[in-house]
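Trainee: One structure, as C-alpha cells, below. Some questions next.
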Amino acid sequence: MNKKEPNTDRQTGAANPQTKTVEALELLLRSVPEWNRYRQAHPDEAVEFNKRDFRELDLSEADLSGASFKAANFSGANLSKVLFRDAKLNGANFAGADLRETDFSNADISGANLVRADISGAILEGANLSMTDLNHANLKGAILTQSKLNCANLNECDMREALLSRADLSGVALSMANIGEADLHDTKLDDADLIGADLHDADLHEANLHDADLRDANLHHANLHDADLSEADLSEADLSDADLSEANFGEARLRWTNLKGANLSGADFSMANLSGANLTGANLSGVDFTGANLCDANLCGANLCLANFRGAELNMANLAETETFHTSFMNLDLRKVKGLEAINHHGPSEISISTLYRSQGQLPDAFMRGCGAPESMIEHVRAISGKPYDYLSCIISHSTRDRKFVERLYADLQTQGIRCWLCPDTLKSNRYIDQHFDRTTQCCEKMLLIVSEPSMKGEWLKSTVIKGVQREAREVQRLLFPVSLVRENKLDEWDLTDQESGRNLGRELRKNFIPSFYGWEHDNDLYDRELNQLVAALKSTESGRSCQL
Numbered sequence: 001m002n003k004k005e006p007n008t009d010r011q012t013g014a015a016n017p018q019t020k021t022v023e024a025l026e027l028l029l030r031s032v033p034e035w036n037r038y039r040q041a042h043p044d045e046a047v048e049f050n051k052r053d054f055r056e057l058d059l060s061e062a063d064l065s066g067a068s069f070k071a072a073n074f075s076g077a078n079l080s081k082v083l084f085r086d087a088k089l090n091g092a093n094f095a096g097a098d099l100r101e102t103d104f105s106n107a108d109i110s111g112a113n114l115v116r117a118d119i120s121g122a123i124l125e126g127a128n129l130s131m132t133d134l135n136h137a138n139l140k141g142a143i144l145t146q147s148k149l150n151c152a153n154l155n156e157c158d159m160r161e162a163l164l165s166r167a168d169l170s171g172v173a174l175s176m177a178n179i180g181e182a183d184l185h186d187t188k189l190d191d192a193d194l195i196g197a198d199l200h201d202a203d204l205h206e207a208n209l210h211d212a213d214l215r216d217a218n219l220h221h222a223n224l225h226d227a228d229l230s231e232a233d234l235s236e237a238d239l240s241d242a243d244l245s246e247a248n249f250g251e252a253r254l255r256w257t258n259l260k261g262a263n264l265s266g267a268d269f270s271m272a273n274l275s276g277a278n279l280t281g282a283n284l285s286g287v288d289f290t291g292a293n294l295c296d297a298n299l300c301g302a303n304l305c306l307a308n309f310r311g312a313e314l315n316m317a318n319l320a321e322t323e324t325f326h327t328s329f330m331n332l333d334l335r336k337v338k339g340l341e342a343i344n345h346h347g348p349s350e351i352s353i354s355t356l357y358r359s360q361g362q363l364p365d366a367f368m369r370g371c372g373a374p375e376s377m378i379e380h381v382r383a384i385s386g387k388p389y390d391y392l393s394c395i396i397s398h399s400t401r402d403r404k405f406v407e408r409l410y411a412d413l414q415t416q417g418i419r420c421w422l423c424p425d426t427l428k429s430n431r432y433i434d435q436h437f438d439r440t441t442q443c444c445e446k447m448l449l450i451v452s453e454p455s456m457k458g459e460w461l462k463s464t465v466i467k468g469v470q471r472e473a474r475e476v477q478r479l480l481f482p483v484s485l486v487r488e489n490k491l492d493e494w495d496l497t498d499q500e501s502g503r504n505l506g507r508e509l510r511k512n513f514i515p516s517f518y519g520w521e522h523d524n525d526l527y528d529r530e531l532n533q534l535v536a537a538l539k540s541t542e543s544g545r546s547c548q549l
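Following UniProt numbering, the numbering of the sequence shown begins with 1 at its first residue and continues without gaps.
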C-alpha cells in the first residue's frame with residue numbers, strides 16, 4: 001500500500017498565493033512605510049491586485065513598481081509620488097485621483113480612466129497610454145517622452161510645459177486642450193483632433209501632423225520647423241509669428257488662417273488652400289505655392305524672394321509692398337491681383353507666356369519693368385490686351401500599350417491646328433489628374449480618353465472618368481472626350497459605376513458621340529472618317545466654353 005505523500009506547504013507553513021495576496025494587501029492598507037520596507041526586502045515577489053478597490057485611499061509615496069492593478073479602482077485616491085514603474089494598470093480607474101509627481105515610467109495604462117486626474121509633474125516616459133481617457137486631466141509639466149498616447153482622449157486637458165518629444169499621439173483627441181510651451185518635437189500627431197487647442201510657443205519642430213485637425217487652434221509663436229502638416233486643416237488658426245520654415249503644407253487647408261509675421265521660408269504649400277489667409281509681413285522666401293489657392297489672401301509687406309507661384313490662384317490677393325527677387329510668376333492670371341504696381345523688386349523675376357495671355361495683357365508697366373521685361377515685350381503685352389486665346393488644345397490620356405495609335409492621332413490633331421499634350425498611364429496619380437483638370441478650366445483644354453483593352457483594365461482610367469464627370473457637373477462644360485479602340489459591345493459592357501454615388505458613368509459618357517477607331521490599322525477610310533468627326537466635336541461651340549485669356 002502506497003503511503004500518502006506529505007503536504008509540503010502545510011509542513012513548512014508556506015502560504016498559498018491567494019493568502020499571500022490578502023496578507024500583502026492588508027500590509028499595504030495598514031502602513032505604506034511598512035509596505036515599502038517589505039518590498040525592498042522582497043523585490044522579486046509578484047504583486048497582483050487586479051480589480052481591487054482603492055477608492056479615496058491615501059497611498060502616497062508607496063512603491064508599487066512592477067505590480068499588477070488591472071481594472072483596479074483608484075478613483076479619488078491620493079497617489080502622489082507613488083512608484084508605478086513597469087506596472088500593469090490596464091483599464092484601471094484613476095478618475096479624480098491625485099497623481100502629482102507619480103512615476104509611471106514604462107507602465108501600461110492603456111484603456112485607463114484618468115478623467116480630471118491631477119498628473120502634474122508626473123513621469124510617464126515610455127508609458128503606454130493608448131485609448132486612455134484623460135478628459136480635463138492636469139498634465140502640466142508632465143514628462144511623456146516616447147510615450148504612447150495614440151487614440152487617447154485629451155480633450156480640454158492642461159498640458160502646459162509638458163515634455164512630449166518623440167511621443168505617439170496619432171489619432172488623439174486634443175480639442176480645446178492647453179498645450180502652451182510644451183515640447184512636442186518629433187512627435188506623432190497625425191490624424192489628431194486639435195480643434196481650438198492652445199499650442200502657443202509649443203515646440204513642434206519635425207512633428208508629424210499629417211491630416212491633423214487644427215481648426216481655430218492657437219499656434220502663435222510655435223516652432224513648426226520642418227513639421228509635416230500635409231493635408232492638415234488649419235482654417236482660422238493663429239500661426240502668427242510662428243516658425244514654419246521648411247514645413248510641409250502640401251494640400252493643407254488654411255482658409256482665413258492668421259500667418260502674420262510668420263517665418264515660412266522654404267515651406268511647401270503646393271496645392272494648399274490659403275484663401276483669405278493673412279500673410280502680412282511673413283517671410284515667404286523660397287516658398288513653393290504651386291497650384292495653391294491664394295484668392296483674397298493678404299500678402300502685404302511679405303518677402304516673396306525666390307518664391308514659386310506657378311499655377312496658383314491669386315484672384316483678389318494683395319501683393320502691395322511685397323519684396324521680390326527671382327520670384328516665379330508662371331501660368332498665372334494676374335488681372336485681379338491687388339498692388340502689382342507697388343511691389344518692391346530687388347531683382348528680376350520670371351513671367352511666362354501663359355501668364356501674359358491668361359492676364360489678357362492687363363499688367364502694370366511698373367510690374368513688367370520690375371520683373372525685368374524689356375520694353376519690346378511690354379509693347380507686345382499692350383498689343384495683346386483683351387485679345388482672345390484663339391487656339392484649341394487637348395490632353396490625350398492613354399495607355400502606353402496604345403502608343404502607335406496615339407502617335408498617329410497626336411500628329412493628325414496637330415496638323416488640324418489642335419495642340420496636344422500626352423498623358424500616359426505611367427504618369428497617373430490622383431494629384432496629377434487633378435492638376436490636369438485644373439488646367440482644363442483655365443486654358444479650355446479637352447481631355448481625350450483612349451478607351452482600349454489595356455486602358456479599360458486600369459484603375460487610373462476609371463478614376464479619371466469619375467473626377468472628370470464630377471468636374472463637368474461643377475463647371476457646366478464638357479471636358480471628357482472618349483475615343484474607342486474596342487468593339488461597340490465591349491464599350492457597352494464597360495462597368496464605370498461610381499461606388500460613392502452609385503451612378504453609371506459609362507451610360508453618361510455614351511450620351512455623347514464617341515468616335516470608334518476599332519480596326520484603324522487596316523482601314524484608313526475608317527480612320528479618316530472618325531478623325532474628322534472627332535475634330536468637329538472638339539471644335540464645336542457646344543462642347544465647351546470659349547476662352548478669353
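Where is the CB? At the ideal position from N, CA and C, for every residue including glycine.
#1: Residues bridged to M271 by DSSP?
#2: My guess is that D228 and L209 are in contact by the Cβ rule of under 8 Å, so how many angstroms apart are they, rounded?
#3: Going straight from the alpha carbon of D63 to that of A24, what length do you get?
#4: From what residue to what residue does the beta strand (DSSP E) around E397 run?
#5: Suppose the cutoff is 8 Å on Cβ atoms and the five residues either side in sequence are ignored; what does the same chain contact list for E350 look like?
#6: Tell me, to the nearest whole angstrom, how far the beta carbon of A152 is from that of M131; I am working on the premise that it is less than 8 Å.
#7: Spatial neighbours of R253 within its chain, please: CB distance less than 6 Å, with the 5 preceding and 5 following residues excluded, ordered by chain position.
#8: Could you tell me if N532 is buried or exposed, where buried requires 16 or more neighbouring beta carbons within 10 angstroms of its beta carbon?
#9: When you compare only the Cα positions, how much space is there between A473 and L319?
#10: Taking 8 Å as the cut-off, does the segment 448 to 466 touch the segment 476 to 492 (at least 3 CB pairs, one atom from each stretch)?
#11: I need the straight-line Cα distance from D98 to T19, nearest angstrom please.
#12: Are A107 and D86 closer than 8 Å when you measure CB to CB?
#13: Taking only three categories from DSSP, how would you classify K404?
#14: Tell me where the beta strand (DSSP E) around I418 begins and ends.
#15: Mapping the DSSP letters down to three states, classify Q442 as helix, strand or coil.
#16: Please report the residue range of the beta strand (DSSP E) in which V483 lies.
#17: Sorted by chain position, which residues of the same chain lie with C-beta nearer than 6 Å to S110's C-beta, five sequence neighbours on each side aside?
#18: So what does DSSP say about D191, is it helix, strand or coil?
#19: Classify S175 as buried or exposed, calling it buried when 16 or more other Cβ atoms lie within 10 Å of its own Cβ.
#20: With three or more C-beta pairs closer than 8 Å as the rule, is the segment 377 to 386 touching the segment 413 to 423?
#21: At a Cβ threshold of 8 Å, is N331 touching chain C?
#22: How about T290 and S270: do their beta carbons lie closer than 8 Å?
#23: Buried or exposed: where does H42 fall if 16 or more other Cβ atoms within 10 Å of its Cβ makes it buried?
#24: Using the DSSP secondary-structure output, state which residues sit across from N150 in a beta bridge.
#25: Kindly list the residues whose CB is nearer than 6 Å to the CB of T324, restricted to its own chain and excluding five residues on each side of it in sequence; keep chain order.
#26: Anyone know if the C-beta pair for H220 and H200 falls short of 8 Å?
#27: Is the CB-CB distance between L340 and P364 below 8 Å?
#28: For S65, which option in H205, V47, E206 and L164 has the closest C-alpha, if you only look at C-alpha atoms?
#29: Return the CA-CA distance between E530 and D412, expressed in angstroms with no decimal places.
#30: Since H380 is in the alpha helix (DSSP H), which residue starts that stretch and which ends it?
#31: According to DSSP, simplified to helix, strand and coil, what is R487?
#32: What residues are listed by DSSP as bridge partners for H345?
#33: Taking its Cβ as the centre, do 16 or more other Cβ atoms sit within 10 Å of N524, making it buried, or is it exposed?
#34: Using a threshold of 8 Å, state whether the C-beta atoms of D158 and N138 are closer than that.
#35: Short check: CB of G196 to CB of A162, under 8 Å?
#36: Between L264 and N283, what straight-line distance do the alpha-carbon atoms span, to the nearest angstrom?
Mentor: Taking the structure as given:
#1: Taking the sequence shown and counting its residues from 1, the one referred to as residue 271 is at position 271. BP columns for M271 are empty, so no partner.
#2: On the sequence shown, position 228 is the one that residue 228 refers to. On the sequence shown, position 209 is the one that residue 209 refers to. Their Cβ separation, rounded to whole angstroms, is 6 Å, which keeps D228 and L209 in contact under 8 Å.
#3: In the sequence shown, counting from the first residue as 1, residue 63 sits at position 63. In the sequence shown, counting from the first residue as 1, residue 24 sits at position 24. Distance between the alpha carbons of D63 and A24: 13 Å.
#4: Residue numbering aside, residue 397 sits at position 397 when the sequence shown is read from its first letter. Contrary to the premise, residue 397 reads as Ser rather than Glu in this sequence. From DSSP, the beta strand (DSSP E) with S397 extends over L392 to H398.
#5: Here residue 350 corresponds to residue number 350 of the sequence shown, with the count starting at 1. Around E350: H326, T327, S328, F329, M330 and C371.
#6: Your numbering for residue 152 matches position 152 in the sequence shown. Your numbering for residue 131 matches position 131 in the sequence shown. Correct: roughly 6 Å between the Cβ atoms.
#7: For the purposes of this step, residue 253 is taken as the residue at position 253 of the sequence shown. D233, S235 and N273.
#8: The residue given as residue 532 occupies position 532 in the sequence shown. Counting Cβ neighbours within 10 Å, N532 comes out exposed, since fewer than 16 surround it.
#9: Numbered from 1 along the sequence shown, position 473 holds the residue referred to as residue 473. Numbered from 1 along the sequence shown, position 319 holds the residue referred to as residue 319. Answer to the nearest angstrom: the Cα atoms are 33 Å apart.
#10: yes
#11: If you number the sequence shown from 1, residue 98 lands on position 98. If you number the sequence shown from 1, residue 19 lands on position 19. Going from the Cα of D98 to the Cα of T19 covers about 30 Å.
#12: Start at 1 with the first residue of the sequence shown, and residue 107 comes out as number 107. Start at 1 with the first residue of the sequence shown, and residue 86 comes out as number 86. It is a contact, given that the beta carbons lie within the stated cut-off.
#13: Here residue 404 refers to the residue found at position 404 of the sequence shown. Here K404 sits in helix by DSSP.
#14: As a position in the sequence shown, residue 418 is number 418, starting the count at 1. It spans I418 to P424 - the beta strand (DSSP E) in which I418 sits, taken as one unbroken run.
#15: Translated into the one-based positions of the sequence shown, residue 442 becomes position 442. The predicted position of Q442 is uncertain, since its pLDDT is 48 and thus under 50; a value taken from the coordinates is nonetheless stated next. Helix.
#16: As a position in the sequence shown, residue 483 is number 483, starting the count at 1. Element bounds for V483: L480 to S484.
#17: For this step, residue 110 is matched to residue 110 along the sequence shown. Taken in chain order, the residues that qualify are N90, N128, S130 and M131.
#18: The residue you call residue 191 lines up with position 191 of the sequence shown. D191: coil per DSSP, three-state reduction.
#19: Sequence index remark: in the sequence shown, residue 175 carries index 175 (1-based). S175 comes out buried.
#20: no
#21: Here there is only one protein chain, and chain C is not present.
#22: By 1-based counting over the sequence shown, the position of residue 290 is 290. By 1-based counting over the sequence shown, the position of residue 270 is 270. Yes, these two residues count as a Cβ contact at 8 Å.
#23: In the sequence shown, counting from the first residue as 1, residue 42 sits at position 42. With fewer than 16 other Cβ atoms within 10 Å, it is exposed.
#24: If you number the sequence shown from 1, residue 150 lands on position 150. In DSSP, N150 forms no bridge with anything.
#25: Taking the first residue of the sequence shown as 1, we reach residue 324 at position 324. Result list for T324: L304, I343, H345 and S349, in chain order.
#26: In the sequence shown, residue 220 corresponds to position 220, counting from 1. In the sequence shown, residue 200 corresponds to position 200, counting from 1. In contact: H220 and H200 (Cβ atoms closer than 8 Å).
#27: In the sequence shown, residue 340 corresponds to position 340, counting from 1. In the sequence shown, residue 364 corresponds to position 364, counting from 1. The answer is yes: Cβ separation under 8 Å.
#28: Your numbering for residue 65 matches position 65 in the sequence shown. Here the closest residue by C-alpha is V47.
#29: Mapped onto the sequence shown, residue 530 falls at position 530. Mapped onto the sequence shown, residue 412 falls at position 412. Rounded to whole angstroms, E530 to D412 spans 12 Å at the Cα level.
#30: The residue labelled residue 380 in the question sits at position 380 within the sequence shown. From DSSP, the alpha helix (DSSP H) with H380 extends over E375 to I384.
#31: Residue mapping note: residue 487 aligns to position 487 of the sequence shown, counting from 1. It is coil, neither helix nor strand.
#32: As a position in the sequence shown, residue 345 is number 345, starting the count at 1. Paired residues: T324.
#33: Locating residue 524 in the sequence shown gives position 524, where the first residue counts as 1. Result: exposed.
#34: On the sequence shown, residue 158 is found 158 positions in, with the first residue counted as 1. On the sequence shown, residue 138 is found 138 positions in, with the first residue counted as 1. Contact: yes.
#35: For the purposes of this step, residue 196 is taken as the residue at position 196 of the sequence shown. For the purposes of this step, residue 162 is taken as the residue at position 162 of the sequence shown. Cβ distance not < 8 Å, so G196 and A162 don't count as in contact.
#36: Position 264 of the sequence shown holds residue 264. Position 283 of the sequence shown holds residue 283. Each residue's alpha carbon lies about 5 Å from the other.
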